[in-house]
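What follows is a short report on a single structure.
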Amino acid sequence: MKYERHMRAAACVNAAIGLTLTVACTSARADNWWSSVAQYRSDIVYQSIQMMEMVAIAGVLAIVVAVPVGIYMSRPSQRHGAAVVMQTLNVGQAVPKLALLALAMSVMGIGRVPAIFGLWVATLLPIALNTYEGLRAVPRALIEAATGMGMTPLQILWRVELPNALYVIFAGIRTALAITVGTAPLAFLIGGGGLGELIFTGIDLNDFTMLLAGAIPTALLAIFTDVFVGQVQRGLVSRGVNPQS
Amino acid sequence: MIKLSNVTKRYGGTSGPVVDGINMEVGAGEICVLLGPSGCGKTTTLKMINRLIQPTSGKIFLEGKDTDEFDVVELRRRIGYVIQQIGLFPNMTVEENICVVPQLLGWDKAKARRRAAELLEIVALDPGVFLARYPKDLSGGQAQRVGVARALATDPAVMLMDEPFGAIDPINRELIQDEFLRIQRQVKKTIVFVSHDIDEAVKMADKIAIFRAGQLEQFDTPDNILARPASPFIAGFVGTDRALKRLRLVRARDALSACGCSVRVGESSARARAVLAEHGADQIVLLDAADKPQGYFTAAQLHALDGVLTSAHAFRIQNTANPGDDLRAVVSSMFASGASWLPTVDDDGRFVGYVSQAHIVELLRVPAVEQT
């Protein structure tokens, strides 16, 4: 009995020492990595800004175009055409983002503009789809009540349909922008710059640190974008519609 | 107030009209229930009044004016509208929901908000608690009250209600119907109300319009519909227990008989026998000085008794009715206590008369010549 307890205590001590060592080693290695990644700091800052500019331009243009398209397609007068258009968009979403950028390059040449164009197209689809689906999911009863109360179709759209679809529309914008940030490094391949420069050069040179210097900020930016849009969503969507509050 | 003249609705594809040549008139302050099985055209008829559906032919008049002459949006803003799903806007608070139409009509904000608080008081919800709530935080019954409050916001003379209590469980439905009738006594709106529930119709309506396959089969008071159904279809629709349903339409105060048939404590047995004979009743109630019933005597018992009557000799009274009770409740408590009559006492406990089974039967009897 006593022996057994002793053994158990010893095992515990061993485990504790092992854990401490592992943690110490890992943190030492992490320190190492961090300092080697940090040498790319000025590249990271410059390329991040360059990349986020592209994302922002593509994103804003996509919202400006896709939301009205989604609204237009959801109008009862478009019922027949809308299904076809939305199906086409769905298929379009299956096109790989890299292929999209390659196509943009082959038509528009090299540089920022075709990169932004490619990102714009990629962002467009989820936003248009969610706007359309969000508006279609607004219960018929609400629209009937609004009509019966004497609202004009435009008032119904602004005061009833859009506010109630806003959560779903924002969900689309959130997904779309996160995907766009994740896709943006590919812009480097067609001369658009951005963090892809560190990532792809890192791959080519077999330089793991350089690759991480591009990949980690890209991941962080995608998360940051998602959190940021999430905050905007919380701010703009009525508490009565937000399922999380 | 609302007059439908030869109103017909026909959809392009279907063979027959969904609503066929309806003529009816709803007076100011009346509740008119459109009743019938699903697909009979009652909802279509309702929606033609605020032009959510445009009639194929015929005219509808609101306060004497052809509804086609109104601007459609203006017409709808003049008419309160409540639907079964209630249709509160989830993105708006209760207050914002109620203020929708006032806002559309350009009321100033402070006035609209005062009105919202006032309306919540009317529908018995505490404004302090409910104004800021969102519809998702309301129970079904609360949401329904808010729906009614919203329809009342601009104090429209006319309200259209499409199965407003259909989605509420039976217990709460009774409560909210009572509540609604209370509100109606206060606001006196002209209401057209769609229902498929005969009990609800009998309870709420001043007039019932029964529809069948687009036709108006009978348009009459609830009592006449139950007592004198115009066709076998209506007789079937209102149910074989329609005579019992009529009980609900009569209050105990309107079914009293033998009101003077009572003696006071201290009066003689001989006097009691004389009073009994005068009223031709089988029993007599013993009252104290404050007119409160102390017990009763039957005719047989009085013959055996002599001298002064006291409550010690009397049978105990098991149950009493209130003049405001409907006969259904009264008959139900008669059955429960095995009595063939109940003394009726007012709110202060004073005896006002009898309700007897024999008299109820007489009251509800439809003269044989009228029966087909």
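Line by line, the protein sequences give chains A and B.
Just so we're on the same page, the numbering used here is the position in the first sequence counted from 1, plus 1016.
Just so we're on the same page, the numbering used here is the position in the second sequence counted from 1, plus 35.
The beta-carbon is built from N, C-alpha and C at its ideal position, and this holds for glycine as well.
Inter-residue spacing [alpha-carbon to alpha-carbon] between residue i and residue j
i: ALA265(B); j: ARG281(B); result: 16 angstroms
i: ALA184(B); j: ASP172(B); result: 17 angstroms
i: ALA1161(A); j: ASN85(B); result: 12 angstroms
i: LEU39(B); j: THR80(B); result: 9 angstroms
i: GLY64(B); j: ALA186(B); result: 16 angstroms
i: GLY384(B); j: ASP258(B); result: 30 angstroms
i: ALA356(B); j: ARG1156(A); result: 48 angstroms
i: ASP204(B); j: ASP326(B); result: 42 angstroms
i: LYS224(B); j: THR128(B); result: 26 angstroms
i: ALA262(B); j: ARG277(B); result: 7 angstroms
i: VAL1076(A); j: PRO1092(A); result: 27 angstroms
i: ILE1084(A); j: ASN207(B); result: A small fix is needed here, since residue 1084(A) is Pro in this sequence, not Ile. So the two alpha carbons sit approximately 44 angstroms from each other.
i: MET1279(A); j: TRP1049(A); result: For chain A, the structure presents residues 1017 to 1261; residue 1279(A) sits outside this window and is missing.
i: ALA1078(A); j: ILE1143(A); result: 8 angstroms
i: LEU321(B); j: ARG308(B); result: 12 angstroms
i: GLY1086(A); j: PRO90(B); result: 33 angstroms
i: ILE978(A); j: VAL1248(A); result: Outside the shown range of chain A (1017 to 1261) lies residue 978(A), about which nothing can therefore be said.
i: ALA316(B); j: PRO378(B); result: 13 angstroms
i: PRO162(B); j: GLY1212(A); result: 58 angstroms
i: SER367(B); j: ASP255(B); result: 27 angstroms
i: ALA1187(A); j: ASN1146(A); result: 8 angstroms
i: PHE1204(A); j: LEU1214(A); result: 9 angstroms
i: ARG45(B); j: LEU87(B); result: 15 angstroms
i: ILE118(B); j: ARG1250(A); result: 31 angstroms
i: GLY491(B); j: VAL365(B); result: Any answer about residue 491(B) is impossible in this case: the structure gives chain B only from 36 up to 407.
i: GLN253(B); j: VAL164(B); result: 45 angstroms
Integer-rounded CB distance, given that residue j should sit under 8 angstroms from residue i
i: PRO1201(A); j: THR1234(A); result: 6 angstroms
i: PRO1179(A); j: SER1254(A); result: 6 angstroms
i: LEU123(B); j: PRO170(B); result: 4 angstroms
i: MET194(B); j: ILE114(B); result: 7 angstroms
i: ALA1074(A); j: TRP1136(A); result: 4 angstroms
i: CYS296(B); j: ILE319(B); result: 6 angstroms
Residue closest to residue i, alpha-carbon to alpha-carbon, out of the options
i: ALA167(B); options: ILE206(B), THR189(B), VAL181(B), PHE215(B); result: VAL181(B)
i: VAL300(B); options: ASP317(B), GLY271(B), SER346(B); result: SER346(B)
i: GLU397(B); options: GLY93(B), GLY176(B), VAL298(B), VAL285(B); result: VAL285(B)
i: LEU344(B); options: ARG306(B), MET369(B), GLY271(B); result: ARG306(B)
i: TYR331(B); options: HIS394(B), VAL365(B), TYR389(B), ARG288(B); result: TYR389(B)
i: TYR116(B); options: SER292(B), ILE133(B), GLN89(B); result: ILE133(B)
i: GLY1246(A); options: GLY1212(A), GLN1066(A), ILE1185(A); result: ILE1185(A)
i: GLN250(B); options: GLY62(B), THR78(B), ILE66(B), MET36(B); result: THR78(B)
i: ASP289(B); options: ILE157(B), LEU139(B), HIS394(B), ARG217(B); result: HIS394(B)
i: ASP361(B); options: VAL107(B), LEU291(B), GLU252(B); result: LEU291(B)
i: VAL298(B); options: ALA287(B), ALA324(B), ILE37(B), ILE245(B); result: ALA324(B)
i: ILE121(B); options: GLY141(B), GLY175(B), ALA312(B); result: GLY175(B)
i: VAL222(B); options: VAL158(B), GLU252(B), GLY271(B); result: VAL158(B)
i: ALA349(B); options: GLU153(B), PRO328(B), LEU155(B), GLU156(B); result: PRO328(B)
i: THR189(B); options: LEU154(B), LEU210(B), VAL164(B); result: LEU154(B)
i: ALA1102(A); options: VAL1080(A), LEU1119(A), TYR1148(A); result: Per the sequence shown, residue 1102(A) should be read as Met rather than Ala. Nearest option by C-alpha distance: TYR1148(A).
Proximal residues to residue i (C-beta, below 6 angstroms), its chain only, five neighbours per side dropped
i: ARG363(B); result: LEU282, ARG283
i: PHE215(B); result: none
i: VAL380(B); result: THR355, PHE386
i: GLU1177(A); result: LEU1151, VAL1154
i: ALA1192(A); result: THR1139, PRO1142, ILE1143
i: TRP376(B); result: TYR389, SER391
i: ASN1106(A); result: none
Residues near residue i in its chain [Cβ-Cβ closer than 7 angstroms; skip 5 each side]
i: GLY1208(A); result: MET1070, GLY1127, ARG1128, ALA1131
i: THR1217(A); result: MET1226
i: ARG247(B); result: GLY71, CYS75, PHE268
i: PHE66(B); result: Residue identity check: residue 66(B) is Ile in the sequence provided, not Phe. Counting only Cβ-Cβ distances below 7 angstroms, and skipping sequence neighbours, we find GLN219, ILE226, PHE228, MET239, ALA240, ASP241.
i: ASP1242(A); result: ARG1190, ALA1194
i: ASP341(B); result: SER304
i: ILE352(B); result: PRO328, GLY330, TYR331, PRO378
i: LEU399(B); result: ALA278, ARG281
i: LEU1037(A); result: A caution first: LEU1037(A) carries a pLDDT of 46, below 50, which makes its placement in the model unreliable, though a value can still be read off. Cβ neighbours of LEU1037(A) beyond the five flanking positions: none.
Close Cβ partners of residue i (< 8 angstroms) along its chain, the five nearest in sequence each way excluded
i: ASN41(B); result: GLY56, ILE57, ASN58, SER92, GLY93, LYS94
i: ALA1040(A); result: Unreliable placement is indicated for ALA1040(A), whose pLDDT of 48 sits below 50; the coordinate value is still reported in the next sentence. Contacts found: none.
i: ILE1159(A); result: ILE1172, VAL1176, GLU1177
i: SER372(B); result: GLN353, ASN354
i: GLY1097(A); result: MET1089
Contacts of residue i in chain D (Cβ-Cβ under 7 angstroms)
i: LEU1158(A); result: Protein chains A and B are contained in the structure displayed, whereas chain D is not.
- Task: Indicate whether the contact test is met: 3 or more Cβ pairs, each with one atom in the segment 183-200 of chain B and one in the segment 227-238 of chain B, closer than 8 angstroms.
- Result: The segment 183-200 of chain B, when compared against the segment 227-238 of chain B, does touch it at the 8 angstroms Cβ threshold.
| message | With a threshold of 8 angstroms, are at least 3 pairs of Cβ atoms found where one atom belongs to the segment 329-341 of chain B and the other to the segment 252-272 of chain B? | response | Contact between the segment 329-341 of chain B and the segment 252-272 of chain B is absent, because fewer than three Cβ pairs lie under 8 angstroms.
| said: Measuring CB atoms only, is the segment 1184-1199 of chain A touching the segment 1164-1171 of chain A, in the sense that at least three cross pairs come out at less than 8 angstroms? | reply: Output reads no: the segment 1164-1171 of chain A does not touch the segment 1184-1199 of chain A.
Open item on the list: If contact is defined by three or more beta carbon pairs under 8 angstroms, each pair taking one atom from either stretch, is the segment 1097-1115 of chain A in contact with the segment 1054-1070 of chain A?
Closed with: They do not touch, by the three-pair rule.
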